[in-house]
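Q: Position in the sequence shown (from 1) plus 1 gives the number in my numbering.
Every residue, glycine too, gets a C-beta built ideally from N, C-alpha and C.
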Amino acid sequence: MAQPKLIVFDLDYTLWPCWCDTHVTAPFKANGDKTLLTDRYGEQIGFYRDVPEILAHIRDSEHYSAVSASRTHAPEVAQEMLTKLHINKEPSKKYLDHMLWGIGTKISHFKQIQKLTGVDFKDMVFFDDESRNKDVEKALGVTFVLVRNGVTWDMFKKGIEMWRTKNGH
């Protein structure tokens with residue numbers, strides 16, 4: 002069965018329930034199994050429930066890989082969170098092949114992703130919580146999936162099916 006080659010995730014309100022540049026404050030301390038972090042003021046943060054399994058599935062797949070694209074104004078905070086939050090006893094950042102963060106449009110991020118990976122835009126699926134970022138679909142041909150309350154298994158499967166339908170598979 003046909004599969005996309007690249008799965009791209011926004012960070013905030015897609016992988017975790019906060020804006021890492023405004024809702025939490027470094028430094029972070031991980032709990033015992035490193036699945037939750039506590040920030041400087043005692044706020045706890047972790048991935049949405051299905052995210053660790055989804056990222057592990059992607060990494061273990063022979064079909065596709067994962068990338069992060071975010072306009073976060075605090076890439077150092079995102080980096081610390083992805084270093085200290087673990088999946089299967091490994092830093093979660095190891096589950097992302099590339100991380101494109103910071104100022105710029107999602108379209109510019111995707112152009113950089115395409116240069117780094119060599120993957121055609123039509124072979125990418127993008128999960129993001131902001132509907133305004135659907136412009137990557139219109140401008141570049143990326144399959145866009147609007148996320149509400151974090152990426153779930155059902156949403157992930159829906160995104161793959163949307164890609165198949167769009168690409169005639």
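Output the distance between the C-alpha atoms of residue 171 and residue 142, rounded to the nearest integer angstrom.
A: In the structure as shown, the chain starts at 2 and stops at 170, and residue 171 therefore has no counterpart that could be examined.
Q: So, using beta-carbon positions, are residue 85 and residue 29 closer together than 8 Å?
A: By one-based count along the sequence shown, residue 85 stands at place 84. By one-based count along the sequence shown, residue 29 stands at place 28. It is a contact, given that the beta carbons lie within the stated cut-off.
Q: Quick one: what's got a C-beta closer than 7 Å to residue 75's C-beta in the same chain, skipping five residues either side?
A: Mapped onto the sequence shown, residue 75 falls at position 74. Counting only Cβ-Cβ distances below 7 Å, and skipping sequence neighbours, we find 21 and 22.
Q: Compute the Euclidean distance between the alpha carbons of residue 61 and residue 111, then round it to the nearest angstrom.
A: By 1-based counting over the sequence shown, the position of residue 61 is 60. By 1-based counting over the sequence shown, the position of residue 111 is 110. So the alpha carbons of these two residues sit roughly 23 Å apart.
Q: Is it right to say residue 26 is buried, meaning 16 or more other beta carbons lie within 10 angstroms of its own, or is it exposed?
A: Taking the first residue of the sequence shown as position 1, residue 26 is located at position 25. With fewer than 16 Cβ atoms within 10 Å of its Cβ, residue 26 is classed as exposed.
Q: Give the DSSP bridge partners of residue 91, in chain order.
A: Against the sequence shown, residue 91 aligns to sequence position 90. Answer by DSSP bridge pairing, in chain order: 88.
Q: Do residue 137 and residue 116 have their C-beta atoms closer together than 8 Å?
A: In the sequence shown, counting from the first residue as 1, residue 137 sits at position 136. In the sequence shown, counting from the first residue as 1, residue 116 sits at position 115. No; because the gap between Cβ atoms is not below 8 Å, this pair is not in contact.
Q: Just the Cα atoms here: how many angstroms apart are residue 4 and residue 146?
A: Along the sequence shown, one-based indexing puts residue 4 at 3. Along the sequence shown, one-based indexing puts residue 146 at 145. Each residue's Cα considered, the two are about 15 Å apart.
Q: Please report how far the alpha carbon of residue 159 lies from the alpha carbon of residue 152, in whole angstroms.
A: The residue you call residue 159 lines up with position 158 of the sequence shown. The residue you call residue 152 lines up with position 151 of the sequence shown. Distance between the alpha carbons of residue 159 and residue 152: 11 Å.
Q: Are there 16 or more other CB atoms within 10 angstroms of the CB of residue 104, so buried, or fewer, so exposed?
A: Position 103 of the sequence shown holds residue 104. Label assigned to residue 104: exposed.
Q: Runs of 3 residues minimum, wholly inside the stretch 55-126: which ones carry the beta strand (DSSP E) assignment?
A: 66-71 and 99-102
Q: Looking at the secondary structure, which residues open and close the beta strand (DSSP E) in which residue 147 lies?
A: Translated into the one-based positions of the sequence shown, residue 147 becomes position 146. Residue 147 -> beta strand (DSSP E) spans 144-147.
Q: With the cut-off set at 8 Å, would you say residue 118 and residue 99 are in Cβ contact?
A: As a working mapping, residue 118 is identified with position 117 in the sequence shown. As a working mapping, residue 99 is identified with position 98 in the sequence shown. In contact: residue 118 and residue 99 (Cβ atoms closer than 8 Å).
Q: Keeping to the same chain, check which residues put their C-beta closer than 7 Å to that of residue 48; ignore five residues upstream and five downstream.
A: As a position in the sequence shown, residue 48 is number 47, starting the count at 1. Correct list, in chain order: 16, 17 and 86.
Q: According to DSSP, is residue 137 part of a helix, a strand, or is it coil?
A: As a working note, residue 137 is residue 136 in the sequence shown. Reduced to three states, the DSSP call for residue 137 is helix.
Q: Spell out whether any CB of chain C is found under 8 Å from the CB atom of residue 65.
A: Absent from the structure: chain C. Only one protein chain is present.
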